[in-house]
Amino acid sequence: MENDDLCELGDLDGNVISDILEKRYASGKIYTRSGLVFLALNPYENLNPSIKEIMQSPADYAYSYPHIYGVAESAYQDLFIHGNQTIVISGESGSGKTENAKLIIKYLIERTASSASIERNIAAANAILEAFGNAQTILNDNSSRFGKRIKVMFNGKITGAKFETYLLEKSRVTHHEIGEKNFHIFYQFCASKGLNLKNDFIDTSSLVGNKEYSMRLSKEYAATRSAMESVGVACINKIEDCLLGILYLGSIQFGGDGILKVVRNECFKEFCKLHDIQEDAFEESLVKFSIQVKGETIEVFNTLKQAVTIRNSMARLLYSNIFNYITSSINNCLSGNGELFISVLDIFGFEIFEKNGLDQLCINWTNEKIQNDFIRKVFRGKQEMYKKEGIEWRDVEFFDNNQCILDFEKPCGLMDLISEESFNAWGNVQNLSMKIKNYLKGNIRTKADDKIVVSHYAGDVEYDLRSFLDKNRERGNLKIFENPLIIHEENKEDLVKYFKDSMNNLLHSINETQTKYIKCIRPNAQKKPKLFDRPLIAKQLAECGVLETIRISKQCFPQEIQKNEFETRYEVLGSTTFEMVTVKKGKSRYFMSNESLRILEIRRSLFYEECFRNIKNALRSYLNNHNCDKKQRIMFVNEPVVAESSVSIESNSVELMIDKGYNTTDPCNAQEDNRKQRSYKEIIRDLELKIEKYKKFCEAPCRNCKSLELKYRFQSEALKKKNMIELELEKYKAKVEDLEKRLSEKEEDDDSHMSVSFTNAYNVFNCLVQLYLEFVPTFSNEEVPKPEILGLAHSAFYAVNKLGKNIVESTACMMNEINLQLHMFERNIHKVSFILSNLIEYENILRGYGVNNVEEVKSLISILFKHLCELQRSFLLEVLPHAVLEHQQLSKFKCSEGYFKKLFKPPHISKLIHLLEYFYHQMSYYYIPDPYIMESINYLLKTINISVFNEILVKKNFLSFNRGVQINYNINEIDKFCRSINYLEGMFNLSHTTAIIRLINLVESRATADLILDECSILNCLQINEIVSKLDAEASYFFGNDNRNDKFISDPTVTLPSYTGVSSHAFICPRYLPSESLLSILKSIR
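So this is what it looks like as structure tokens:
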């Protein structure tokens, strides 16, 4: 038809495309091809032709009149040629994505003549998920508030399906904007049960007095319940209890004079009765929370705002558990087998509302990722591939949204900042806004009133940060519920991290399939048929880059097949293959039009049809010319095939037993055999039916040899990879041989012209140590193998042996050389660690050869280890003691701060932890033995203990119960570090500081002097008196005198650990060194 494909027209611009689409839309033609993207306008009415009419010529339908069924047919045909398929349906909310997804599924079921029960179950599943996952919004009366991917499995026919859901908009349960509604299921449920509610979550007053509307909703709920029963959703009564409970939660209110309490209204009581929960226990879960302070539980009352947040969070978690349970039940019912699948991705549309929150950010982030993936495949990928294949190509300019994705996902990007701020007890919107401003450098702009503006591919969108932190992690929990629907999770993963992981998994899965794109267009904001809003449509076309897609599509071939796959598939056509059609040959692929591929598939089918016709004729001839007096077995041998129709062949052969008219059996069985005898006409008719079955196997492209092709495709890919690896290995072998030859020639040349030899041990070790120090690998995430890190020790011992002198004397020379060069690297912690590790290894090598207690080695190891500990201590003192004493993580126990403390914030406790982790992993990176690492950690922990303890003793007006809680939190962070490295004993090094925390709690609880002395025995009486006086000047304790008169703790000393290891490594040339330099030093030793 006219203008069915925009790629067939001449030069286009935005106005021309809009003109064409407007004319087509006015005449009821809502679908238009535009090359790699299929355009679908929402008609807001039913215009779809009967599938039965289309089934008369389904193969033609993919290439003729543009329709959504054509995309489905194309995916079905390509399934057997290119493998698994994904149809990505995108567009704004209200553009018709969900309806088009349903049409695709419906077509595939009809196309494969699949079981009616499969169709019923998929339709029932869609209806259930619409009821629980869709809602009325400003843009769309039936808007999907979650993302959905329907994976349809094939094994000849459709055998089953799987629904994957993404980012259910849980917040809609407890809040929605004016003009919008809660999820459909709540209104259906209320109408069915005759409930009239108006609370914080829902308003069903529109049902009162509107019997027609109420009856319609009641019928919809009956249909939803029936659908749940049909797909095997158990516990429907429990689901209803949860729905009713959520509605009751919306009516629970709070009050109280000074102390927060729940108003025990009828809804509160009904909720407790419904879920079999004690009223007091439920109230406590809403109005109180508890914290652990060194084994002691402290209960604190929530504020009104916090209590409401917990109530709302509980409702959202209940609903998401229902939704996940239903989705899981649907998948259990629809589970099927088969390696091939077509998946339909119905993802939520881009949204811009008057007020946009975290839900809109995640929705728009998803659309941004889908668009970015489309740009990568269609724009960047196609252009690069055609150039690589040597196909003529003109570059097309396009808008790249990669920067927006980077701003979202890079380290310290928007999503990292939201997660970090959400999971910090001190996190707040102001901090988040400040971090966005500092880290994202204006790519995401901050505004007043805690708002940000993100530049999406669809335009700038303003988001309100105020709800981000609460929504990212639910504060409530469902521990008090005993319900089979509820999965109890100890620590709920934050939303953006969970969503990022699931989105990356989705895109990875999509990228393993061939993808087809459908862009749904919302024609007007009024949701009316025949109304074409040009500016709105032009904006949507520009956002998805339709004009650029058409320009690229004009240069592209619709079909591309790997050379080996093409030649294997069409070799039966012989040398005439390239005479029938136009095929463009690239370096590794063949390119062609849809029509060319269609012709090849038809000719291939005709070839197989001719084969079967010949078999049939030969069989008839055989039966007419041969008379046998016994049963004849006739066997057709064929490869396993995948059948399209209801008939399937399950074995590799078809066996037919032919009975003749002669009786060769025992007389007593003659009568029975005679009943089994059949005429030739019947036999031939049966054979013709069998032949027809085989003919049907060839009707759809690529169906007959699918299983065999899949098998050989994987084998050929594996063989190709193996050959490539072997080829690469041969290249490297040749390269190594060449390098060895050149090196040998160079050495001979060097020996003959300028032979240099080292006989002086000092010269050898001087060169060796300098070489290693120059190229020491810096601590990073890229691990260097242990033998390479310890290469200096082994190369030094190799040199000692080659020098042929006394080992102890040569070792003393080496130690002296390192001592001389110590000043060059004494401030470089990486080089100090590297040399220390190699000296310890060198001592192990000597020990393995029976040379023990070389004084020079032990002395230098001791010097370097103590120096390393002091270096680490100097870094640590930059944040001590303030990171432990003055960092206040717990907002409920905030201590007052002076003006300068507010102006200059103390270092965060995480900075201290990061330093400890850095030192631990840095020492491990250089393979310093564990006893040395643990002794270093001991020294650092003692440094923390002394610094904090002594500072407390000199500070005035500092200690209080709240301060003790804050210090305890910071000490617990250090305890977590010790546990993370499996060093539980490490906390003994902080015994003085932990004793102060115990002392604060004991004084606060008015414990006796004897109990204090017993619990804080690490402290002397002088220290206890000093701390108690700082806590409570009026306290009347008497602790006596224990003859320990030291008020302050003295600085710790470094102790060299006892370690007797033996080296188990051989000398290898490290990759971080220039090998020629090392080899020249070692070969020059005479």
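Using UniProt numbering, you'd call the opening residue of the sequence shown number 1 and step up by one each time. Virtual Cβ for every residue (Gly too), placed ideally from N, Cα, C.
- Distances from the CA of LYS479 to each of ILE259, GLU730, TYR969, GLN278 were compared; the closest alpha carbon is that of GLN278.
- Take the alpha-carbon of PRO1074 and the one of GLU774: they are about 11 Å apart.
- Under DSSP, no beta-bridge partner is assigned to LEU495.
- The Cβ atoms of ALA812 and GLU856 lie closer than 8 Å to each other.
- Cα atoms of TYR849 and MET987: separation of roughly 39 Å, rounded to the nearest angstrom.
- Taking C-beta separations shorter than 6 Å and ignoring five residues to either side along the sequence, the partners of GLU164 in its chain run ARG149, following chain order.
- Residue environment analysis places LEU432 among the buried positions, since at least 16 neighbouring C-beta atoms fall within 10 angstroms of its C-beta.
- ASN155 places its beta carbon 8 Å or farther from that of SER144.
- Collapsing the DSSP output to three states places GLU389 in coil.
- Of all C-beta pairs linking the segment 120 to 132 to the segment 403 to 410, fewer than three are shorter than 8 Å, placing the two stretches out of contact.
- Of all alpha-carbon atoms in GLN383, ILE521, ASP241, the one lying nearest the alpha-carbon of THR32 is that of ILE521.
- Per DSSP, GLY338 lies in no beta strand (DSSP E) and is assigned neither H nor E.
- PHE779 carries a coil assignment under DSSP once its states are collapsed to helix, strand and coil.
- Per DSSP, THR1060 lies in no alpha helix (DSSP H) and is assigned neither H nor E.
- Around the beta carbon of LYS956, fewer than 16 other beta carbons lie within 10 angstroms, which makes this residue exposed.
- Put simply, the backbone Cα of SER780 is about 44 Å away from that of GLU392.
- The straight-line gap separating the alpha-carbon atoms of GLU730 and ILE537 is approximately 58 Å.
- Looking only at GLY1040, VAL461, ARG466, the smallest Cα-Cα distance to ASP450 is reached by ARG466.
- Per the C-alpha coordinates, the member of ARG216, GLY357, ILE330, LEU768 positioned closest to ILE1081 is LEU768.
- Taking 8 Å as the upper bound for CB-CB distance, LEU6 and ILE550 are in contact here, some 5 Å apart.
- Judged by DSSP in its simplified three-state form, GLN526 adopts coil rather than helix or strand.
- By the neighbour-count criterion, in which 16 or more other beta carbons inside 10 Å mark a residue as buried, PHE1048 falls on the exposed side.
- Assignment of GLN514 by DSSP, reduced to helix, strand and coil, places it in the strand class.
- Between the segment 170 to 177 and the segment 303 to 320 there are three or more inter-stretch CB-CB distances shorter than 8 Å, so the stretches are counted as touching.
- Annotated three-state conformation of LEU432 is helix, per DSSP.
- In this structure, the alpha-carbon of LEU12 lies about 11 Å from that of ASP19.
- In the three-state reduction of the DSSP assignment, GLN85 falls in the strand class, which pools E and B.
- For ILE996 against PHE1038, the beta-carbon gap comes to about 20 Å, at or over 8 Å, which does not count as contact.
- Counting only unbroken stretches of 4 or more residues, the alpha helix (DSSP H) elements lying wholly within the segment 919 to 998 are 930 to 954, 961 to 980, in sequence order.
- ASP1010 and ILE971 have their alpha carbons spaced roughly 26 Å apart.
- DSSP places SER422 in the uninterrupted alpha helix (DSSP H) bounded by 414 to 422.
- As the crow flies, the alpha-carbon of LEU1078 is around 10 Å from that of LEU792.
- In the structure shown, SER1005 falls within a coil segment according to DSSP collapsed to helix, strand and coil.
- Proximity to SER924 across PRO906, SER837, HIS992 peaks at SER837, based on C-alpha coordinates.
- Per DSSP, VAL1028 has no beta-bridge partner at all.
- Residue ranges of uninterrupted beta strand (DSSP E) with 3 or more members, entirely inside the segment 273 to 328 and ordered along the chain, are 288 to 293, 296 to 301.
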